[in-house]
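Protein chains: 2
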Amino acid sequence: MSVEGRQGRKPRADVQRNRAALLEAAQRHFLRDGVGASLEGVAKEAGVGPGTLYRHFPTREALLAAVLQTRSAELVARRAGIARLDDASERLRQWLRALEDYFSAFSGLPEPLMTAAREQNPDNPLTLPCDDLIATTEEYARAAQRAGHVRPSVKGYDLYLAAVWLAWTKGTGAHDEEALDRLRALIEVGYREQNDPE
Amino acid sequence: MSVEGRQGRKPRADVQRNRAALLEAAQRHFLRDGVGASLEGVAKEAGVGPGTLYRHFPTREALLAAVLQTRSAELVARRAGIARLDDASERLRQWLRALEDYFSAFSGLPEPLMTAAREQNPDNPLTLPCDDLIATTEEYARAAQRAGHVRPSVKGYDLYLAAVWLAWTKGTGAHDEEALDRLRALIEVGYREQNDPE
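First to last, the sequence lines map onto chains A and B.
Using this note's numbering, the first residue of the first sequence is number 1, and each one after it goes up by one.
Using this note's numbering, the first residue of the second sequence is number 199, and each one after it goes up by one.
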């Protein structure tokens, strides 16, 4: 199909404008109401009908994955900085904190993340981004194990789950920063090589 | 009011029969569908109208608290056995596992438990039972600290939250028993006195 094909210049620009407006509205609604925000409200604020929303994002997970994608620039930048650290232990520590912050973006986000981890369904739009984050966590955990910082029986996936937990706990709003710091210390003391009970 | 007062023998028996039928139906529905189970379905199965359900249990939390109450006999029995253990460290370990099992009763139970912990609202029917469980956790944690088994900076409440976490993670279905054992070890290594980094 030529560039002058069925989708001419004007309609294509409209399509992209609608998509951008939907992503922006969705981000605002997710921030305010959590991941269960009204999709009707999102379409309305973006100035499109529900049909247009569903053509762009056939499921809530698809919309959520696309919004997370737009937010991932910050995480990618942090990962780049973390990758340059010399100390494997510090790399792992900072990465777990970056994950926790990323997962805390919207209230209720940890649940669909856990569902994606459980199902391992390639059709779930959240599966691929999660797999990528889990792979990075495993890589940093293995490097920290080789450097003698992390107990051999700990898996990177366990630490990924711990980061999701901290985000979930933070999201419930039950806990001040001091309590969250104690929970982070609980995990960190828990994975240290020097504390290996075996 | 005399025993022959406004509520005669027959109506009172009806009221108690309805309550028992509602609790039994609710337990079945919560077990099958999680804490978000249809209340209409519960009333229907108990053979009463929605009005009767709401007179007995004005909110979902009230129904949930009452069902948990009927299930707490097992926890109370375990607590009695645990209280007789000589080793403060083992007492804490077994109590945390009993909590985790109790919180795993219904899918979705950890969320309203966290809400109760956050709000500390005496009108929330889940607040009182949770406070009791938190108090027991704090008591066992302090005893284990006095015996030199638990790091001084760890609070019983942190370990209560860790038990809720394990139940939540189990409830998402993402993890086999081996993974759960690793997460339990992560917490246990994390709170041990001998691993105190300070």
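Cβ coordinates follow ideal geometry from the N, Cα and C atoms, glycine included.
Where the alpha helix (DSSP H) containing residue i begins and where it ends
| i | result |
| --- | --- |
| Gln194/A | Counting along the chain, Gln194/A falls outside any alpha helix (DSSP H), and DSSP gives it neither H nor E. |
| Pro310/B | Pro308 to Glu317 |
| Gly369/B | Gly354 to Gly369 |
| Asp299/B | Ala286 to Phe301 |
| Arg245/B | In the sequence as presented, Arg is not what sits at residue 245/B; that position holds Gly. Per DSSP, Gly245/B belongs to no alpha helix (DSSP H) and is neither H nor E. |
| Gly279/B | Arg258 to Ala281 |
Residue i - partner residues in DSSP beta bridges
| i | result |
| --- | --- |
| Val348/B | Arg390/B |
Per-residue contacts from residue i into chain E (C-beta, under 7 Å)
| i | result |
| --- | --- |
| Ile385/B | The structure shown has no chain E; the protein chains it does contain are A and B. |
Integer Cβ distance of residue i from residue j, believed to fall under 8 Å
| i | j | result |
| --- | --- | --- |
| Tyr389/B | Val362/B | So it is not a contact: roughly 15 Å between Cβ atoms. |
| Glu298/B | Ala339/B | That pair is no contact at about 15 Å. |
| Ala224/B | Leu273/B | Not confirmed; about 18 Å, so no contact. |
| Arg79/A | Ala98/A | 7 Å |
| Asn124/A | Ala116/A | 5 Å |
| Gly171/A | Ser107/A | 5 Å |
| Ala88/A | His29/A | About 40 Å; that fails the 8 Å criterion. |
Rounded C-alpha distance that separates residue i from residue j
| i | j | result |
| --- | --- | --- |
| Ser302/B | Leu266/B | 11 Å |
| Ala345/B | Arg258/B | 42 Å |
| Leu294/B | Val42/A | 43 Å |
| Ala377/B | Asp284/B | 30 Å |
| Ala77/A | His373/B | 31 Å |
| Pro308/B | Val233/B | 10 Å |
| Pro197/A | Ile385/B | 13 Å |
| Ser2/A | Thr70/A | With a pLDDT of only 44 at Ser2/A, under 50, the local geometry of the prediction cannot be trusted, and the value read off the model is given with reservation. Computed Cα separation, rounded: 29 Å. |
| Ala219/B | Ala271/B | 18 Å |
| Ala342/B | Ala185/A | 19 Å |
| Tyr160/A | Thr137/A | 6 Å |
| Ala13/A | Cys130/A | 31 Å |
| His56/A | Val15/A | 9 Å |
| Ala263/B | Leu326/B | 9 Å |
| Arg380/B | Ile82/A | 26 Å |
| Arg32/A | Ala46/A | 16 Å |
| Glu317/B | Pro11/A | 50 Å |
| Ala199/A | Asn393/B | No answer is possible for residue 199/A: it lies beyond the span of chain A, which begins at 1 and ends at 198. |
| Arg215/B | Arg291/B | 39 Å |
| Gly354/B | Glu391/B | 14 Å |
| Leu311/B | Asp158/A | 23 Å |
| Pro122/A | Leu331/B | 41 Å |
heavy atom of the ligand PLP below 7 Å from residue i C-beta
| i | result |
| --- | --- |
| Glu396/B | Ligands in the displayed structure: none, and consequently the ligand PLP is not present. |
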